[in-house]
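Engineer:
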Amino acid sequence: MRNYLITVDMQNDFITGPLGTKEAQAILPSVIEKIWAFDGPVLFTYDTHDENYLHTQEGRLLPVVHCVEGTEGWKLDAELEKLRYAIGGKAFTKPAFGAVALAEYMELENRKDPVARIELIGLCTDICVISNAILLKTFLPETEIAVDSSCCAGSTPEAHACALAAMERCQIRVV
17 MRNYLITVDM
27 QNDFITGPLG
37 TKEAQAILPS
47 VIEKIWAFDG
57 PVLFTYDTHD
67 ENYLHTQEGR
77 LLPVVHCVEG
87 TEGWKLDAEL
97 EKLRYAIGGK
107 AFTKPAFGAV
117 ALAEYMELEN
127 RKDPVARIEL
137 IGLCTDICVI
147 SNAILLKTFL
157 PETEIAVDSS
167 CCAGSTPEAH
177 ACALAAMERC
187 QIRVV
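Per the working numbering, the very first residue in the sequence shown carries number 17; after that it's consecutive.
Here it is, written out as structure tokens:
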């Protein structure tokens with residue numbers, strides 16, 4: 017049985033760009049350290065939009081252009097990008113909050129060799145981290161899904177805390 021670490025949307029636009037926060041910047045060293053120390057596969061998600069973002073439902077509700085594929089803002093933090101290539105971390109692009117392809121991939125991996133635990137870290141706790149945690153819990157109800165709260169940041173500290181509480185109610189372990 018293997019453990020997996022999923023790094024959610026640690027992209028420039030969420031760290032230092034238009035949706036960046038001091039909390040996102042503050043977790044970056046811990047995220048890097050956790051990935052280096054992790055014994056198992058590390059997967060990455062990329063929030064991915066195109067030039068039509070503002071015409072999507074998400075764009076109308078959050079009218080801040082971000083993570084346009086191929087831009088600097090879409091890329092992972094430079095140190096994380098080097099780390100992803102160094103460890104051979106598989107990446108999943110996602111046009112919305114949850115990465116369905118990631119959940120399907122984990123379901124297939126679980127069929128080949130049962131997955132003991134999936135831990136999530138990254139951004140934003142109250143949007144994409146919670147969406148992916150619940151999606152993974154839906155696809156793999158008997159697999160432990162966990163979130164490392166010290167390696168996540170929300171759109172605000174209050175939203176971060178609220179998302180962690182909601183995940184705990186959905187039987188996602190918060191560590």
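Don't be surprised by glycine CBs; every beta carbon is placed ideally from N, CA and C.
Select from ALA149, ASP164 and GLY33 the residue whose C-alpha is nearest the C-alpha of THR87.
Structural biologist: With distances taken between Cα atoms, THR87 lies closest to GLY33.
Engineer: ASN19 and ALA162: beta carbons closer than 7 angstroms?
Structural biologist: Not in contact: ASN19 and ALA162 (Cβ atoms no closer than 7 angstroms).
Engineer: The beta strand (DSSP E) spanning GLY138 covers which residue range?
Structural biologist: Where GLY138 is concerned, the enclosing beta strand (DSSP E) stretches over 131-139.
Engineer: Check whether the Cβ atoms of SER147 and GLY114 lie closer than 7 angstroms to each other.
Structural biologist: Taking 7 angstroms as the Cβ cut-off, SER147 and GLY114 qualify as a contacting pair.
Engineer: Can you confirm whether the stretch 171-181 touches the stretch 152-160 when touching is taken to mean that 3 or more C-beta pairs between the two stretches lie within less than 8 angstroms?
Structural biologist: At 8 angstroms Cβ cutoff, the stretches do not touch.
Engineer: One question on the structure: do ASN28 and GLY75 come within less than 7 angstroms of each other, judged by their Cβ atoms?
Structural biologist: No, these two residues do not count as a Cβ contact at 7 angstroms.
Engineer: Going by the C-beta, is ALA169 closer than 6 angstroms to any heavy atom of the ligand COA?
Structural biologist: Here there are no bound small molecules, and the ligand COA is not part of this structure.
Engineer: Suppose contacts are defined by Cβ-Cβ distances below 7 angstroms. Is ASP25 in contact with LEU151 by that definition?
Structural biologist: Contact flag unset, no.
Engineer: Look at the Cβ atom of VAL190, then the Cβ atom of SER166, and state whether they are nearer than 7 angstroms.
Structural biologist: No, these two residues do not count as a Cβ contact at 7 angstroms.
Engineer: Going by C-alpha to C-alpha distance, which of ALA149, PHE30, THR172 and LEU99 sits closest to THR64?
Structural biologist: The candidate whose alpha carbon is nearest that of THR64 is PHE30.
Engineer: Mind checking if PRO79 is an interface residue toward chain C, Cβ cutoff 7 angstroms exclusive?
Structural biologist: The displayed structure is made up of one protein chain only, and chain C is not part of it.
Engineer: Tell me which same chain residues have a C-beta within less than 7 angstroms of the C-beta of GLU196, skipping the five on either side of it?
Structural biologist: One cannot answer for residue 196 here, as it falls past the ends of the chain, which runs 17 to 191.
Engineer: Tell me, to the nearest whole angstrom, how far the beta carbon of THR23 is from that of VAL58; I am working on the premise that it is less than 8 angstroms.
Structural biologist: Contact flag correct, Cβ pair sits at about 6 angstroms.
Engineer: Within 10 angstroms of its Cβ, does ALA149 collect 16 or more other Cβ (buried), or is it exposed?
Structural biologist: So ALA149 ends up on the buried side.
Engineer: If distances are taken between C-alpha atoms only, which option among ILE137, ALA102 and GLY36 comes closest to SER46?
Structural biologist: SER46 has its Cα closest to that of ILE137, out of ILE137, ALA102 and GLY36.
Engineer: Alpha helix (DSSP H) containing ASP29: first to last residue?
Structural biologist: Its alpha helix (DSSP H) spans residues 28-31.
Engineer: Pull up the DSSP beta-bridge partners for LYS106, would you.
Structural biologist: Answer is LEU59, bridged to LYS106.
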